[in-house]
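Numbered by mature numbering (1 follows the signal peptide of the UniProt record, and there is no 0), the letters in the sequence shown go through residues -25 to -1, 1 to 251 in order. Cβ coordinates follow ideal geometry from the N, Cα and C atoms, glycine included. Structure, as structure tokens:
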Amino acid sequence: MASFPSAARLLLLVAAALVLSSVSAAAGAGGSPPLAKGLSFEFYRARCPQAEAIVFAFLKDAIRKDVGLAAALLRIHFHDCFVQGCDGSVLLDRTNGVDSEKVPVLLSFLAKIGLNADDLVALSGAHTLGIAHCGSFEERLFPKDDPTMDKFFAGHLKLTCPRLKVDNFTANDIRTPDVFDNKFYVDLLNRQGLFTSDQDLHTDAKTKPMVTRFAVDQAAFFDQFVKSMVKMGQINVLTGNQGQIRTDCSVPNAARSAGDELPWSVVETAVETLVL
Ligand code: HEM
């Protein structure tokens, strides 16, 4: 990962530590996921052998103090990778995103960046953690309940979001909100997925078998999640002399000379045009 922007490298390391800390026990089989040319799982072995242990210990402590951090970091890694590739551009000021909720749309979008249906099902499993605001799912409750949603679950959500535009939030995974496990898929089997994009995974014939499999086999979910996270973490990744190491994470470095402008300006247009 030589000359890989520091923010992106950190995000990848953080994501790797998160994934490993969550799933190391169950995801032993199958060897390391494939890596793009120029990347290495051993980058820090010689330069800073303690790097991963330091990040791991720091995160473990931080997440013990605030479990919401695990979800926030997972999501920020996803957002970084889906906008212009995994280059830390999510840390640049003024980024934003829109959530899409149609599996075929998502699948065709993902295909363009090298991810497939298995990746979509596994990565959506990150919704085993974290929270969602009423505005992210209220259209499934009002003016009337989404028929694909379990009635008991809809009633439960209305306790938190009694009408449109209430500024409140609820857990993504009703069963085990703070545990990284496969219960998110059990939610989907019971029509208790919060977002249409999640529930659609169980409706769509292409993705349904994997949802069912993950619901009954947590090790299979962990194994695929590791692979898909590493895959996602390499979308349009910059290696060698590409990119820049920002002096301030939130702004691109000033161009050193005419013609030396780096492609960070595309971030804003990418955010506006890409569907997240
Ligand atoms: C496939 C398309 C996806 C859609 C449409 C989607 C949509 C959403 C929405 C609407 C929220 C709630 C935001 C809010 O109301 O505050 C959310 C939260 C979250 N998403 Fe996704 N998401 C997707 C994929 C992913 C992926 C790939 C990951 C990570 C691998 C991820 C991780 C998370 C996490 C961890 C949260 C909780 C954040 C927190 O509690 O701070 N999502 N997502």
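Host beta strand (DSSP E) of residue i (start-end)
i	result
residue 145	144 to 146
Segment limits, alpha helix (DSSP H) that includes residue i
i	result
residue 29	26 to 40
residue 52	43 to 57
residue 12	No alpha helix (DSSP H) contains residue 12, which DSSP labels as neither H nor E.
residue 22	18 to 22
residue 92	92 to 99
residue 116	No alpha helix (DSSP H) contains residue 116, which DSSP labels as neither H nor E.
residue 79	78 to 87
residue 207	193 to 207
residue 155	First-last for residue 155: undefined, no H or E at that position.
residue 171	171 to 178
residue 131	126 to 135
Close Cβ partners of residue i (< 7 Å) along its chain, the five nearest in sequence each way excluded
i	result
residue 212	11, 14, 60, 61
residue 195	188, 189
residue 252	The question about residue 252 has no answer here: the residues shown for the chain are numbered -25 through 251.
residue 146	106, 152
residue 82	92, 95
In DSSP terms, what residue i is bridged to
i	result
residue 108	144
Alpha carbon of residue i to alpha carbon of residue j, nearest angstrom
i	j	result
residue 58	residue 219	17 Å
residue 30	residue 24	12 Å
residue 291	residue 205	Because the chain in this structure spans residues -25 to 251, residue 291 falls outside the shown range and cannot be described.
residue 228	residue 28	30 Å
residue 164	residue 91	21 Å
residue 122	residue 171	11 Å
residue 222	residue 109	37 Å
residue 50	residue 198	19 Å
residue 143	residue 99	22 Å
residue 112	residue 217	39 Å
residue 166	residue 64	35 Å
residue 210	residue 17	19 Å
residue 173	residue 101	11 Å
residue 44	residue 215	31 Å
residue 69	residue 54	Only weak support is given to the placement of residue 69: the predicted model assigns it a pLDDT of 48, under 50, and the value that follows is read from those uncertain coordinates. Residue 69 and residue 54: Cα-Cα distance of roughly 13 Å.
residue 117	residue 127	15 Å
residue -5	residue 175	With a pLDDT of 47 at residue -5, under the threshold of 50, the modelled position of this residue cannot be trusted; read the value that follows with caution. Between residue -5 and residue 175, the C-alpha separation is close to 29 Å.
residue 103	residue 115	20 Å
residue 22	residue 97	33 Å
residue 119	residue 138	11 Å
residue -22	residue 19	Any answer about residue -22 is weak, because its pLDDT of 36 lies below 50 and its placement is not dependable; what the coordinates show is given next. Looking at the two C-alpha atoms, the distance is approximately 12 Å.
residue 33	residue 129	38 Å
residue 141	residue 203	34 Å
Neighbourhood of residue i by C-beta, 6 Å cutoff - its chain only, sequence neighbours within 5 removed
i	result
residue 179	78
residue 207	56
residue 177	163, 183, 186
residue 181	92
residue 4	Residue placement at residue 4 is poorly supported in this model, since its pLDDT is 46, which falls under 50; the coordinates still yield a value, given next. Here the set comprises nothing.
residue 42	153
residue 226	none
residue 135	143, 145
Contacting residues, own chain, Cβ-Cβ under 8 Å from residue i (five flanking each side not counted)
i	result
residue 131	149
residue 76	Per-residue confidence for residue 76 stands at a pLDDT of 47, beneath the threshold of 50, marking its modelled position as unreliable; no derived number is given.
Proximity test, residue i beta-carbon vs the ligand PLP heavy atom, cut-off 7 Å
i	result
residue 111	No copy of the ligand PLP occurs in the structure displayed; its ligands are the ligand HEM alone.
Q: Count the C-beta pairs between the segment 155 to 168 and the segment 189 to 202 that are closer than 8 Å, then say yes if the count reaches three, no if not.
A: Contact between the segment 155 to 168 and the segment 189 to 202 is present: 3 or more CB-CB pairs across the two stretches fall below 8 Å.
Q) Three or more beta-carbon pairs under 8 Å between the segment 82 to 90 and the segment 20 to 40, yes or no? A) In short, these stretches do not touch, since the Cβ pair count stays below three.
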